[in-house]
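Enquirer: Residue numbers (our numbering): 277 to 522.
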Ligand SMILES: CC(C)(COP(=O)(O)OP(=O)(O)OC[C@H]1O[C@@H](n2cnc3c(N)ncnc32)[C@H](O)[C@@H]1OP(=O)(O)O)[C@@H](O)C(=O)NCCC(=O)NCCS
């Protein structure tokens with residue numbers, strides 16, 4: 277991919293007038309993980325094996341019917357797609373009903389929390405093209421949620437929980453995600469947090485690569501999502517807990 281120039285950004289705090297743009301960006305950023313998750317799951321040898329076996333069964337049961345072979349294989353693919361969709365759609369619904377439902381109350385009224393938006397300088401009219409949020413966690417408590425549940429609480433000082441690092445498609449690979457993450461890191465240092473942590477799901481390869489580049493390391497890997505255990509295991513999604521010590 278051709279390297280584009282680093283874009284000039286204005287990163288500022290969220291304003292209520294940003295709500296619509298931020299919600300759209302958030303929805304798109306979460307939904308775009310469904311197809312990568314589906315293709316990743318379907319290319320796993322176990323799922324390929326099941327799809328081939330079902331197709332074969334369809335072929336035999338249908339009296340050498342290619343149509344039935346295709347139908348049985350497609351039914352399996354449909355189930356896997358449903359599981360991937362459930363995980364991200366469920367996550368989206370949960371966040372839109374909790375922290376994202378009232379960003380000023382959840383992020384701006386507490387000095388340990390912050391929500392920023394990025395505007396690309398020169399875009400006319402000026403529009404939101406990136407977001408990032410931090411929720412402070414003192415005494416092991418977080419008001420945040422994530423794709424995963426069951427976060428480890430080590431009680432070793434205050435930390436920040438990073439979320440919603442998202443950049444609109446046309447503005448990607450221009451260091452916008454890096455600048456937003458850096459803003460969150462600077463804020464956490466100012467607040468005296470010991471670390472910045474977040475959960476990333478396996479299909480979010482770009483985010484994992486960005487975070488590694490910025491010095492985040494993996495501290496935990498598990499397959500527990502907010503969704504039902506069967507849905508999570510059929511979708512074959514793993515959750516990586518990453519952190520950067522400040
Ligand atoms: C992840 C995301 C925020 C990255 O934003 P961005 O502005 O494109 O990131 P940057 O330009 O700062 O990328 C910095 C580095 O991260 C890595 N990176 C970023 N996107 C990548 C991708 N799609 N594939 C591989 N590496 C990637 C690269 O190493 C890149 O450096 P390079 O461009 O010099 O190779 C953006 O792709 C996005 O919004 N994704 C969807 C939402 C999401 O998954 N968010 C994470 C929530 S935790």
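In this text, a Cβ means the ideal position worked out from N, Cα and C, and glycines have one as well. Quick caveat: nothing in here was measured; it's all calculated off a predicted structure.
1) Is any heavy atom in ligand 1 found nearer than 7 Å to the beta carbon of residue 329?
2) Please confirm if the region 312-330 is in contact with the region 356-363, defined as three or more CB-CB distances below 8 Å between the two stretches.
3) Consult DSSP for residue 492 and reduce its assignment to one of helix, strand or coil.
4) Just grab the DSSP bridge partners of residue 497 for me.
5) Ignoring anything shorter than 4 residues, give me the alpha helix (DSSP H) runs that lie fully in the region 310-369, in order along the chain.
6) Name, in chain order, the residues that DSSP records as bridge partners for residue 437.
7) Let me make sure I understand the geometry here. Which of 308, 406, 339 has the alpha-carbon closest to that of residue 284?
8) Any chance the CB of residue 390 is under 7 Å from a heavy atom of ligand 1?
9) Pick out whichever of 501, 516, 510, 521 has its Cα sitting closest to the Cα of residue 368.
10) Look at the alpha carbon of residue 391 and the alpha carbon of residue 297, and state the distance between them as a whole number of angstroms.
11) What would DSSP say about residue 484, mapped onto helix, strand or coil?
12) So the alpha helix (DSSP H) residue 302 belongs to, where does it begin and stop?
13) Apart from the five residues just before and just after residue 425, which ones in its own chain have a Cβ nearer than 8 Å to its Cβ?
14) When burial is assigned at 16 or more other CB atoms within 10 Å of the CB, is residue 373 buried or exposed?
15) Look at the alpha carbon of residue 430 and the alpha carbon of residue 436, and state the distance between them as a whole number of angstroms.
16) Rounded to the nearest angstrom, what separates residue 288 and residue 395 at their Cα positions?
17) How about residue 450: is its Cβ closer than 7 Å to a heavy atom in ligand 1?
18) Report buried or exposed for residue 512, applying the criterion of at least 16 other Cβ atoms within 10 angstroms of its Cβ.
19) Mark residue 332 as exposed unless 16 or more other C-beta atoms lie within 10 angstroms of its C-beta, in which case mark it buried.
20) Kindly list the residues whose CB is nearer than 7 Å to the CB of residue 309, restricted to its own chain and excluding five residues on each side of it in sequence; keep chain order.
21) Could you check where the alpha helix (DSSP H) with residue 511 kicks off and where it finishes?
22) Are the CB atoms of residue 345 and residue 335 within a distance shorter than 8 Å?
23) In its own chain, which residues sit with a C-beta less than 7 Å from the C-beta of residue 274, not counting the 5 before and 5 after it?
24) Tell me whether residue 441 counts as near ligand 1, meaning its Cβ is closer than 7 Å to at least one heavy atom of that ligand.
25) Just list the residues that DSSP pairs residue 452 with in beta bridges.
26) So for residue 372, helix, strand or coil by DSSP?
Expert: If we stick to the structure as given:
1) As a position in the chain shown, residue 329 is number 53, starting the count at 1. Result no, Cβ not under 7 Å from ligand 1.
2) yes
3) Position 216 of the chain shown, counted from the first residue, corresponds to residue 492. Coil.
4) For the purposes of this step, residue 497 is taken as residue 221 along the chain shown, with counting starting at 1. Residue 497 pairs with 516.
5) 310-318, 321-337
6) Indexing the chain shown from 1 puts residue 437 at position 161. Bridge partners of residue 437: 411, 473.
7) Walking along the chain shown from the start, residue 284 turns up at place 8. Out of 308, 406, 339, 406 has the C-alpha closest to the C-alpha of residue 284.
8) Here the question's residue 390 lines up with position 114 in the chain shown. Outside the cutoff, so no.
9) Sequence index remark: in the chain shown, residue 368 carries index 92 (1-based). Nearest option by C-alpha distance: 501.
10) Working through the chain shown from its first residue, we reach residue 391 at position 115. Working through the chain shown from its first residue, we reach residue 297 at position 21. Approximately 14 Å, taken between the alpha carbons.
11) Within the chain shown, residue 484 is the residue found at index 208, counting from 1. Here residue 484 sits in helix by DSSP.
12) Position 26 of the chain shown, counted from the first residue, corresponds to residue 302. Looking at the DSSP string, the run of the alpha helix (DSSP H) that includes residue 302 is 295-307.
13) Locating residue 425 in the chain shown gives position 149, where the first residue counts as 1. At residue 425, the pLDDT of 39 sits below 50, so the modelled position is not reliable; the number obtained from the coordinates is stated separately. Taken in chain order, the residues that qualify are 500, 501, 502.
14) For this step, residue 373 is matched to residue 97 along the chain shown. By the 10 Å Cβ count, residue 373 comes out exposed.
15) As a working mapping, residue 430 is identified with position 154 in the chain shown. As a working mapping, residue 436 is identified with position 160 in the chain shown. Because residue 430 sits at a pLDDT of 44, beneath the cut-off of 50, its placement in the model cannot be relied upon, and the point is left open.
16) Taking the first residue of the chain shown as 1, we reach residue 288 at position 12. Taking the first residue of the chain shown as 1, we reach residue 395 at position 119. Between residue 288 and residue 395, the C-alpha separation is close to 8 Å.
17) Here the question's residue 450 lines up with position 174 in the chain shown. Checking every heavy atom of ligand 1 against the Cβ of residue 450, one is found closer than 7 Å.
18) For this step, residue 512 is matched to residue 236 along the chain shown. Buried: at least 16 other Cβ atoms inside 10 Å.
19) Here residue 332 is taken as the residue at index 56 of the chain shown, counted from 1. Burial call: exposed.
20) In the chain shown, counting from the first residue as 1, residue 309 sits at position 33. Excluding residues within five positions, the ones whose Cβ falls inside 7 Å are 364, 477, 479, 480.
21) Locating residue 511 in the chain shown gives position 235, counting from the first residue. Looking at the DSSP string, the run of the alpha helix (DSSP H) that includes residue 511 is 505-511.
22) Residue mapping note: residue 335 aligns to position 59 of the chain shown, counting from 1. Residue mapping note: residue 345 aligns to position 69 of the chain shown, counting from 1. Result yes, Cβ atoms of residue 335 and residue 345 sit closer than 8 Å.
23) With the chain running from 277 to 522 in the structure shown, residue 274 is simply not present.
24) In the chain shown, counting from the first residue as 1, residue 441 sits at position 165. Yes, Cβ of residue 441 sits closer than 7 Å to a heavy atom of ligand 1.
25) On the chain shown, position 176 is the one that residue 452 refers to. Answer is none; residue 452 lacks a bridge partner.
26) For the purposes of this step, residue 372 is taken as residue 96 along the chain shown, with counting starting at 1. Residue 372: helix per DSSP, three-state reduction.
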